[in-house]
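All residue numbers for the sequence shown refer to the UniProt record's numbering, where the first residue is 1 and numbers rise by one.
Report on the following structure.
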Amino acid sequence: MTNYFNSLSLREKLAQLGTCRFMELDEFSDGVAALKEKKIVIVGCGSQGLNQGLNMRDSGLDISYALREGAIKEKRQSYKNATENNFTVGTYEDLIPSADLVINLTPDKQHTGVINAIMPHIKKDGVLSYSHGFNIVEEGMQIREDITVIMVAPKCPGSEVREEYKRGFGVPTLIAVHPENDHLGIGLEWAKAYAYGTGGHRAGVLQSSFVAEVKSDLMGEQTILCGLLQTGSILSFDKMVADGVEPSYAAKLIQYGWETITEALKHGGITNMMDRLSNPAKIKAFEISEELKEIMRPLFQKHMDDIISGEFSSRMMKDWANDDKELLEWRAATGETAFEKTEASDDEISEQEYFDKGVLMVAMVKSGVELAFETMVEAGIIAESAYYESLHETPLIANTIARKKLFEMNRIISDTAEYGCYLFDHSCKPLIKDYVNALDKDFIGHSFGTEETGVDNLELIAVNDALRQHPVEKVGAKLRTAMTAMKRIHE
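This is the structure:
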């Protein structure tokens with residue numbers, strides 16, 4: 001198969017990267033009507049498969065699961081996930097021939113084999129959906145011309161798709177119709193109904209393209225969403241312990257700190273997150289962030305270049321063919337880090353304490369979000385899509401760290417995200433380690449700027465202005481006006 005993106009002309013590449021528009025809420029006034037009375041079969045019942053299915057069933061849709069015969073006979077976890085939640089389960093041959101909509105939610109590395117196995121069973125004029133376009137864009141999968149191909153991509157791990165829905169909200173979602181597979185002209189309406197069924201319309205939906213989703217998704221998850229959170233966790237923990245902080249306290253500050261800090265980010269952007277700091281701490285976090293951006297910018301640009309060119313996908317697929325040698329080595333190494341192996345303290349940490357003693361963590365979030373956003377926009381990805389893939393999804397990933405540290409984050413995210421996370425972390429840790437270790441110990445694990453709060457007024461004004469004028473803040477302020485149903489993670 002040929003890489004779909006590389007087969008396009010330069011003009012076509014730029015057009016598809018920039019194909020994205022924010023959809024108004026009234027465009028979803030028909031709700032799930034397009035899928036009512038339709039038979040929907042989800043292939044795969046992992047994190048995304050189960051949680052999207054639960055949401056769609058709660059939205060009144062007919063959901064069942066098609067699994068490989070071996071998974072059913074051996075009662076693997078996917079079978080348990082489906083049956084324990086009272087879904088109908090059958091083989092590909094049992095369920096797919098009568099399905100109106102088939103949703104492929106298997107791991108990315110399995111897509112080629114799965115699609116080749118199920119495509120003969122999809123009925124004429126059926127609809128096939130993905131939640132990540134890697135198989136189409138990077139692997140070049142060709143789908144039968146009589147099948148409509150759509151994508152509905154919630155911008156977070158499957159667990160958070162469910163949790164946000166249960167809170168009465170949802171997660172930002174990208175939808176797309178593959179231009180080569182929409183012969184009936186029904187793709188957009190079905191994608192909108194599907195997004196409504198998962199609750200995505202409450203958080204905001206972008207009508208995008210397969211190409212734009214893949215390139216922006218890979219960049220976001222490799223850098224700020226997963227990679228930098230992993231790098232920041234390991235380096236911040238090691239620095240605190242080296243500076244005399246009790247390891248169990250340091251573990252708790254990091255494990256739950258990302259979630260607390262980025263909750264402020266979710267509701268009010270970088271400005272709100274930085275406003276939670278004292279004035280001296282805000283100025284210092286701004287300085288550290290700017291210095292980190294200068295150090296890390298070439299690395300972010302290299303990752304974007306490798307994603308656009310297909311170099312990243314090629315390397316990852318070679319590792320798939322090599323039985324995941326790199327991924328498994330990196331996964332094992334992550335499990336052996338001091339942060340992962342240290343149990344978090346039972347001592348209570350107040351919400352404000354996470355900010356007062358986490359100035360470095362705040363600076364890392366700011367630098368990572370801004371750099372990811374800037375790099376994606378420079379590559380031609382539309383600002384709204386870059387916002388969702390950098391700022392808005394970061395808190396949703398941080399929530400997974402709060403449950404079971406980096407193990408949980410890497411377990412929940414997709415296989416492409418996990419590989420990209422490790423790849424970035426493998427380069428980023430040595431790049432910024434000396435800088436982090438040379439910082440004053442007061443910037444992580446100790447309160448900074450809470451007693452002596454005097455600052456230079458002009459310097460503070462300049463910092464506040466720089467925060468508010470950054471493009472990610474401007475587009476975020478616009479997009480968050482549509483998120484009226486957003487809930488706090490802890491009421």
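Glycine is no exception: its CB is placed at the ideal position from the N, C-alpha and C atoms.
Only a predicted model underlies this, so the values are computations on that prediction, with no experimental measurement involved.
Between residue i and residue j, how many whole angstroms is the CB-CB distance? I'm expecting something under 8 Å.
{"i": "Ile42", "j": "Gly53", "result": "5 Å"}
{"i": "Ala338", "j": "Val211", "result": "About 40 Å; that fails the 8 Å criterion."}
{"i": "Thr342", "j": "Ala398", "result": "Contact flag wrong, Cβ pair sits at about 19 Å."}
{"i": "Leu277", "j": "Val362", "result": "6 Å"}
{"i": "Lys155", "j": "Glu393", "result": "5 Å"}
{"i": "Leu235", "j": "Val436", "result": "5 Å"}
{"i": "Tyr79", "j": "Leu61", "result": "No, Tyr79 and Leu61 are not in contact; Cβ-Cβ is about 21 Å, not under 8 Å."}
{"i": "Leu184", "j": "Asp238", "result": "The Cβ separation is near 56 Å, so there is no contact."}
{"i": "Ser47", "j": "Ile381", "result": "Going by Cβ atoms, the distance from Ser47 to Ile381 rounds to 25 Å, so no, they are not a contact pair."}
{"i": "Cys20", "j": "Gln207", "result": "7 Å"}
{"i": "Trp330", "j": "Tyr249", "result": "With 8 Å as the limit, Trp330 and Tyr249 do not qualify as a contact, their Cβ atoms being about 27 Å apart."}
Take residue i and list the residues in its own chain whose beta-carbon comes closer than 8 Å to its own, dropping the five residues that flank it on each side.
{"i": "Phe28", "result": "Lys192, Ala195, Tyr196, His201 and Val205"}
{"i": "His121", "result": "Tyr92, Glu93, Ile96 and Pro97"}
{"i": "Tyr387", "result": "Phe373, Val472, Val475, Gly476 and Leu479"}
{"i": "Ala402", "result": "Gln255, Tyr256, Trp258 and Glu259"}
{"i": "Glu459", "result": "Ile283"}
{"i": "Met273", "result": "Ile261, Thr262, Ala264, Leu265, Val362, Val365 and Lys366"}
{"i": "Leu10", "result": "Its pLDDT being 47, under 50, Leu10 is placed unreliably in this model, and the value from its coordinates should be taken loosely. Here the set comprises nothing."}
{"i": "Gly187", "result": "Val127, Thr148, Val149, Ile150, Val177, His178 and Asn181"}
{"i": "Lys325", "result": "Asp319"}
{"i": "Thr106", "result": "Val43, Gly44, Gly46, Gly49 and Val114"}
{"i": "Glu340", "result": "Thr334, Lys405, Leu406 and Phe407"}
Determine the DSSP secondary structure at residue i, reduced to helix, strand or coil.
{"i": "Lys36", "result": "coil"}
{"i": "Ala203", "result": "coil"}
{"i": "Gly90", "result": "strand"}
{"i": "Arg167", "result": "coil"}
{"i": "Thr394", "result": "helix"}
{"i": "Val436", "result": "helix"}
{"i": "Thr271", "result": "helix"}
{"i": "Asn104", "result": "strand"}
{"i": "Arg403", "result": "helix"}
{"i": "Arg144", "result": "coil"}
{"i": "Met483", "result": "coil"}
{"i": "Arg21", "result": "strand"}
{"i": "Arg276", "result": "coil"}
{"i": "Pro247", "result": "helix"}
{"i": "Arg297", "result": "helix"}
{"i": "Leu61", "result": "coil"}
{"i": "Leu10", "result": "Because the pLDDT of Leu10 is 47, which lies under 50, any placement of that residue in the model is unreliable, and the question is left without a value."}
{"i": "Lys252", "result": "helix"}
{"i": "Lys124", "result": "coil"}
{"i": "Arg468", "result": "helix"}
{"i": "Gly227", "result": "helix"}
{"i": "Arg331", "result": "helix"}
{"i": "Pro179", "result": "coil"}
{"i": "Lys284", "result": "helix"}
{"i": "Ile381", "result": "coil"}
{"i": "Ser289", "result": "helix"}
{"i": "Ser236", "result": "helix"}
{"i": "Leu184", "result": "coil"}
{"i": "Ala212", "result": "helix"}
I'd like to confirm the pairing. Which residues does DSSP put opposite residue i in its beta bridges?
{"i": "Pro154", "result": "Thr173"}
{"i": "residue 498", "result": "Only positions 1 to 491 of the chain appear in this structure, which leaves residue 498 out of reach."}
{"i": "Tyr130", "result": "Asn104 and Met151"}
Beta-carbon within less than 7 Å of residue i's beta-carbon, same chain only, minus the 5 sequence neighbours each way: which residues are those?
{"i": "Trp320", "result": "Lys109"}
{"i": "Ile118", "result": "Val43, Tyr92, Ile96 and Val102"}
{"i": "Gln301", "result": "Thr375"}
{"i": "Thr271", "result": "Leu467, Arg468 and Glu473"}
{"i": "Arg162", "result": "Asn51, Leu54 and Asn55"}
Following a CB-centred definition, is residue i positioned closer than 8 Å to any heavy atom of the ligand ZN?
{"i": "Thr481", "result": "Here there are no bound small molecules, and the ligand ZN is not part of this structure."}
Between residue i and the rest of its own chain, which residues show a CB-CB distance below 6 Å, the 5 nearest in sequence each way excluded?
{"i": "Asn410", "result": "Glu418"}
{"i": "Thr231", "result": "Asp425, Cys428 and Lys429"}
{"i": "Val214", "result": "Gly133, Phe134 and Val137"}
{"i": "Ser390", "result": "Gly220, Ile224, Val369, Ala372 and Phe373"}
{"i": "Tyr65", "result": "Ile42, Cys45, Ala82, Phe87 and Val89"}
{"i": "Glu164", "result": "Gly170 and Val171"}
{"i": "Met304", "result": "Met219, Thr375 and Ala379"}
{"i": "Tyr130", "result": "Asn104 and Met151"}
{"i": "Val463", "result": "Ile283 and Phe286"}
{"i": "Gly449", "result": "Ser278, Pro280 and Ala281"}
So within the segment 407-461, which uninterrupted alpha helix (DSSP H) runs reach at least 4 residues, ignoring any that extend past its ends? 415-438
Continuous alpha helix (DSSP H) assignments of at least 4 residues falling wholly in the segment 335-369: 338-341 and 351-356
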